[in-house]
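Enquirer: Remember, the working numbering sits 14 above the position in the sequence shown when you count from 1.
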Amino acid sequence: MPLLFIFDMDDVLVDYDWRVRMAELEAITGVPVAELRRRWWHDDGEWAAEAGAFAGPDEYLAAFCDGIGVGVAEADWVRARGMAMQPRPRMLAAARRAAELGQITLLTNNNPMTGRHLGTLAPEVAGLFGEHAFTSSDYGARKPDPLVFERVLARYDTAASAAFFADDLAENIAGARSVGITSHHVLGDDPDALVAAIEAFAAARTS
C-alpha cells in the first residue's frame with residue numbers, strides 16, 4: 015500500500031510568529047492585540063473558520079471584518095499573515111524526502127483565505143505540495159478532532175497504518191494517534207529528527 019505523509023505547516027515547515035501578525039493587524043485596524051484576539055480568535059471566530067464554517071475566502075473575510083468591527087482589505091490581511099512566516103529550508107527538505115517515499119499532503123489548521131493565498135504566504139510550501147496543499151477548512155474539521163484525520167485518510171484512500179503525520183502540537187499528535195496514524199512530534203526546527211522518523215516509518219512498512 016502506498017505511504018501517505020501528512021505535514022502541518024506553521025512551526026513545522028515554516029516559522030510562524032503570531033505576535034508579528036497581530037502587531038501588524040493592530041497597526042492596520044487601530045484595535046489593540048488583546049482586543050483583536052478577544053473579538054475573533056475563539057470558537058465562533060477563527061477556530062470555526064478553520065473547521066470550515068465559511069464557504070470560502072470572501073465569506074471568511076466578511077466574517078472576520080464583522081467580528082473585529084473594522085474593515086480590512088484582503089491585501090492587508092495577506093500581508094499581515096505573511097510577515098509572520100519564514101520558511102524552514104531543511105524541514106522542507108525533509109518533506110521532500112518523504113515525497114520520494116510516498117505521497118505527501120499538507121494539513122494545516124487554517125482558514126480559506128490562507129488556502130487562497132498560500133502561494134504568496136509560503137511559496138516554498140505551495141510549490142512542494144502543489145494540489146495536495148490543504149487547510150483544515152477544506153476538510154470541514156480542525157485538528158485535533160479525529161474527524162479531520164479520518165477525512166484525510168478517506169481522500170487518499172489510505173489505511174491509518176500506512177499514514178505518517180508531523181505536527182508541533184501535542185494535542186494534534188494525540189488526535190492523529192487516536193485513529194492509528196503514526197505521528198512525530200516536531201520540537202522546533204529539527205530536520206534530523208524528522209528525517210529519522212520518516213525513514214524509520216517507511217522502512218518498517220517496506221521491510
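Positions of the beta carbon are idealized from the N, C-alpha and C atoms, including for glycine.
Ignore the nearest five residues each way along the sequence and tell me which others in F19's own chain have a CB closer than 6 Å to its CB.
Expert: By 1-based counting over the sequence shown, the position of residue 19 is 5. Excluding positions up to five away in sequence, the list reads A112, G116, I118, F178.
Enquirer: Just the C-alpha distance for M97 and T134, rounded to the nearest angstrom, thanks.
Expert: The residue given as residue 97 occupies position 83 in the sequence shown. The residue given as residue 134 occupies position 120 in the sequence shown. If you take the alpha carbons of M97 and T134, they lie about 11 Å apart.
Enquirer: Excluding the 5 residues flanking W32 on each side, which residues of the same chain have their C-beta closer than 7 Å to its C-beta?
Expert: Numbered from its first residue, the sequence shown carries residue 32 at position 18. Here the set comprises A98.
Enquirer: Going by DSSP, what residue range makes up the alpha helix (DSSP H) through S192?
Expert: Your numbering for residue 192 matches position 178 in the sequence shown. Counting along the chain, the alpha helix (DSSP H) containing S192 begins and ends at 184 to 192.
Enquirer: Applying the 10 Å Cβ sphere with the 16-neighbour rule, what's the burial state of R95?
Expert: Position 81 of the sequence shown, counted from the start, is the residue given in the question as residue 95. R95 is buried by the Cβ-count criterion.
Enquirer: Smallest Cα separation from G59: which of P46, L75, H146?
Expert: Against the sequence shown, residue 59 aligns to sequence position 45. It is L75 whose Cα lies nearest to the Cα of G59.
Enquirer: Would the stretch 100 to 112 and the stretch 63 to 75 be scored as touching if the rule is three or more Cβ pairs under 8 Å?
Expert: Flag = no, the stretch 100 to 112 and the stretch 63 to 75 do not touch.
Enquirer: On the CB-based measure, 16 or more other CB atoms within 10 Å of its CB, does G44 come out buried or exposed?
Expert: If you number the sequence shown from 1, residue 44 lands on position 30. G44 is exposed by the Cβ-count criterion.
Enquirer: Apart from the five residues just before and just after V34, which ones in its own chain have a Cβ nearer than 7 Å to its Cβ?
Expert: Position 20 of the sequence shown, counting from 1, holds the residue named residue 34. Closer than 7 Å at Cβ, skipping near neighbours: M97, A98.
Enquirer: Whose CA, out of E49, P101, V162, D152, lies closest to the CA of A190?
Expert: Mapped onto the sequence shown, residue 190 falls at position 176. Residue V162 is the option with its Cα nearest to A190.
Enquirer: Drop a sphere of 10 angstroms on the beta-carbon of D57, count the other beta-carbons inside from all chains shown, and report buried for 16 or more, exposed for fewer.
Expert: As a working mapping, residue 57 is identified with position 43 in the sequence shown. Exposed is the call here.
Enquirer: Applying the 10 Å Cβ sphere with the 16-neighbour rule, what's the burial state of P126?
Expert: Along the sequence shown, read from residue 1 onward, the residue named residue 126 stands at position 112. That one is buried.
Enquirer: Who are M99's beta bridge partners in DSSP?
Expert: Position 85 of the sequence shown, counted from the start, is the residue given in the question as residue 99. Answer by DSSP bridge pairing, in chain order: Y30.
Enquirer: Of all the options G129, A216, R156, which has the alpha carbon lying nearest to the alpha carbon of F143?
Expert: By one-based count along the sequence shown, residue 143 stands at place 129. Among G129, A216, R156, the Cα nearest to that of F143 belongs to G129.
Enquirer: Could you please give the first and the last residue of the uninterrupted alpha helix (DSSP H) stretch that includes T134?
Expert: Taking the sequence shown and counting its residues from 1, the one referred to as residue 134 is at position 120. Counting along the chain, the alpha helix (DSSP H) containing T134 begins and ends at 132 to 135.
Enquirer: Find out if the Cβ-Cβ distance for the pair A155, A63 is shorter than 8 Å.
Expert: On the sequence shown, position 141 is the one that residue 155 refers to. On the sequence shown, position 49 is the one that residue 63 refers to. For A155 and A63, no; Cβs fall outside 8 Å.
Enquirer: What did DSSP end up calling F21 once you bin it into helix, strand or coil?
Expert: Here residue 21 corresponds to residue number 7 of the sequence shown, with the count starting at 1. In the structure shown, F21 sits in a strand (DSSP, three-state: E or B).
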